[in-house]
Every structure is written in structure tokens, then in C-alpha cells.
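>
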Amino acid sequence: IDHRLTNSGLLKFTYMFLQPTVYVPGAFPGNGGVATDLRHQSAGISEVHTITPNIVNEITLGYARIRSFGAQQGLGTNHTVQSGIGGFDVTSGTYPGFPGLTPSGFAGLNANNFQPLRFRENNYNLRDLLSITRGRHTIDAGIDLTRHANFTTNSARSRGNFTFSGTYTGNAFGDFLLGIPFQGERSFPRDLFGYYWTVVEPFIQDSWKVTPRLTLNMGLRYSLFRRPTAMHNVLSSVDPIANRIVVASDDQ
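Take 62 as the starting number for the sequence shown in the working numbering and just add one per residue.
Shown next, in the form of C-alpha cells:
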């Protein structure tokens, strides 16, 4: 939508909505297939102001959101516990489903690690652009400010993964039939976590029309990525000078 406010002012608004569903089938009925519902939205509003016939300023506010919800077949039945594998009453209780069973050289059951996956990302943007035309030069100068935020939860490896290598019987499927894995792993589901960070980008560009058939574009942009901040202080880093690991807190 474009609306002319005055002879020197123009207001522009845009909005986009997209909602597809992506399905990836699995190898076995009831196991492996993953359906992901996506939703993309973006909106922007800008005001274009003609200061003089050769100087124009445009300021824009933008917002973009991505949402992704994915879930697999077999979700809802705690096959890990029902099959008699101990120690999974708590870890697989939130997102019950199939464990991962992998006999080397054979098709196994897909654990669909990190599914269900719920992900959201929000991006906020402020941009100011000043365009000046002088003879054969068009100079664009401005700044981009972007604020990113994303949040996610997932099942991690809460239903367990078991690998059968044939170490005990000489055959991986034989180890599987006896229920003797070479390696097993599990983890608790991931609680809600996310990150916030800001990007500051001033820039300037000169479009020089050297001849009617030759234009040179020369510019500089400086991108400053501010230190990210983690929800619930889940970030840590290494301080090489102090020779220690620094864990995030509300004071850092």
C-alpha cells in the first residue's frame, strides 16, 4: 500500500504471509516421517521524504517472524518404556515415541532426535537512508539497526539411541536380537532457550556515472555484531587471559 501524504512525503506499507507444510516420509510405517508446519510473516512501513529535488530521505521499520513446528510419526506412545528398556520413564515422558535402534549394516529405527522441534525467530529492523544526487554522483548514506531473537524447544535425545555393532555375537543383527548394544545415549528434553543479539551497520556508497555506458559503485559498510545475550544464561565462553571458563549471568 502506497499513500502520498504531501507533495514531498510518501508512506509505504508491505505485508507478506506464507504458511507451507513440509512432510518427509520415513522408512517404516509409523516411524521416521516428519511433518513441519512453517509460517513466515514480514511487515514493513517506510516514509520517503523529498527534502530538495536532489536530496531524498527514507526511513523504514521492518519486522520478520519465522515459526517452525515439527513433529514425527509415532509421537505419543512411549515405545522405549513399553519395550522394557529401563531408565526412560522420566526422560521420554514429555515426548514419548520410538528410540533409535541402529544395527550396523541394517535398516534401523529412526529416533528423530530433536523432534518435536518448536522454533521461533523474530527480527526487528530500523533503516535510515539518505540519497544525495550531485551531477554524475549519487551518494547513499545511512545505517541499519537489526535486533534478532530466537527461541526453541526440542526433545533432544530423550528417547535414547542404541547402536549394535556385532561386538558380542559377530553380527550386528544378532546383538540387536539379544538386546546388547555396543553404545547407548540419552538426554533430557531441551527446555525453552534462545538468544538475543543486535547488529549495527553504518554504510556509505557512491554511484558515479563515469560515462553514459559506465557506472562505478564504490562503498563502505561496517558491521558491528554485538555480544549475544542468552535466555536463562545458558551461554559460556573461555577467557584466555584469566585461563578460565566464564558462565553467563545477569551481571555479565
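Ideal Cβ positions, reconstructed from N, Cα and C, are used throughout, including at glycine.
With respect to the alpha helix (DSSP H) encompassing G235, which residues constitute its N-terminal and C-terminal limits?
Per DSSP, G235 belongs to the alpha helix (DSSP H) from 233-239.
> Tell me which residues share the same chain as M279 and place their Cβ nearer than 6 Å to its Cβ, disregarding the 5 neighbours each side in the sequence.
So the list reads D267, once near-sequence residues are dropped.
> Using 9 Å as the threshold, is the C-beta distance between E182 and N215 below it?
Not in contact: E182 and N215 (Cβ atoms no closer than 9 Å).
> Run the CB neighbour count on I146, radius 10 Å, all protein chains shown included, and call it buried at 16 or more, exposed below.
Its Cβ being crowded by 16 or more others within 10 Å, I146 is buried.
> Could you give the residue range of the alpha helix (DSSP H) that holds H140?
Element bounds for H140: 140-143.
> Would F159 and A168 be called neighbours here (beta carbons separated by less than 9 Å)?
No; because the gap between Cβ atoms is not below 9 Å, this pair is not in contact.
> I'd like to check one pair, I193 with I106: are the Cβ atoms closer than 9 Å?
No, the Cβ-Cβ distance between I106 and I193 is not below 9 Å.
> DSSP three-state call for N174: helix, strand or coil?
It is coil, neither helix nor strand.
> Contact between the region 225-241 and the region 251-261: three or more CB pairs below 8 Å?
With the cut-off at 8 Å, the region 225-241 and the region 251-261 do not touch.
> Of the choices H101, Q102, N118, whose alpha-carbon is the least far from that of V109?
Answer by Cα proximity: N118.
> Restricting to Cα atoms, I'd like to know which of S284, H293, S248, L187 is closest to F264.
Of S284, H293, S248, L187, the residue nearest in Cα terms is S284.
> Spatial neighbours of T290 within its chain, please: C-beta separation below 6 Å, excluding the five flanking residues on both sides.
Correct list, in chain order: Y257.
> Let's test the definition: count the other Cβ atoms within 10 Å of the Cβ of S219 and tell me whether it reaches 16, buried, or not, exposed.
Counting Cβ neighbours within 10 Å, S219 comes out buried, since at least 16 surround it.
> Just to confirm my understanding: we take S248, look at its own chain, exclude 5 residues before and 5 after, and list those with CB closer than 6 Å. What are they?
Excluding sequence neighbours, S248 sits near A217, R218.
> With respect to the beta strand (DSSP E) encompassing M279, which residues constitute its N-terminal and C-terminal limits?
Counting along the chain, the beta strand (DSSP E) containing M279 begins and ends at 275-282.
> Within the same chain, show all residues whose beta-carbon is closer than 6 Å to that of Y76, passing over the 5 residues directly before and after it, in chain order.
Counting only Cβ-Cβ distances below 6 Å, and skipping sequence neighbours, we find A104.
> Near D236, which residues of its chain fall below 8 Å by C-beta distance, leaving aside the five closest residues on each side in sequence?
Excluding sequence neighbours, D236 sits near P164, F225, S226, G227, T228, Y229, T230, P242, F243.
> Note down the Cα distance separating A309 from F89, rounded to an integer number of angstroms.
One C-alpha to the other measures close to 43 Å.
> Does DSSP put N294 in a helix, a strand or coil?
Correct three-state label for N294: helix.
> Within 8 Å, do at least three Cβ pairs link the region 123-132 to the region 189-206?
Judged by Cβ distances under 8 Å, the region 189-206 makes no contact with the region 123-132, as fewer than three pairs qualify.
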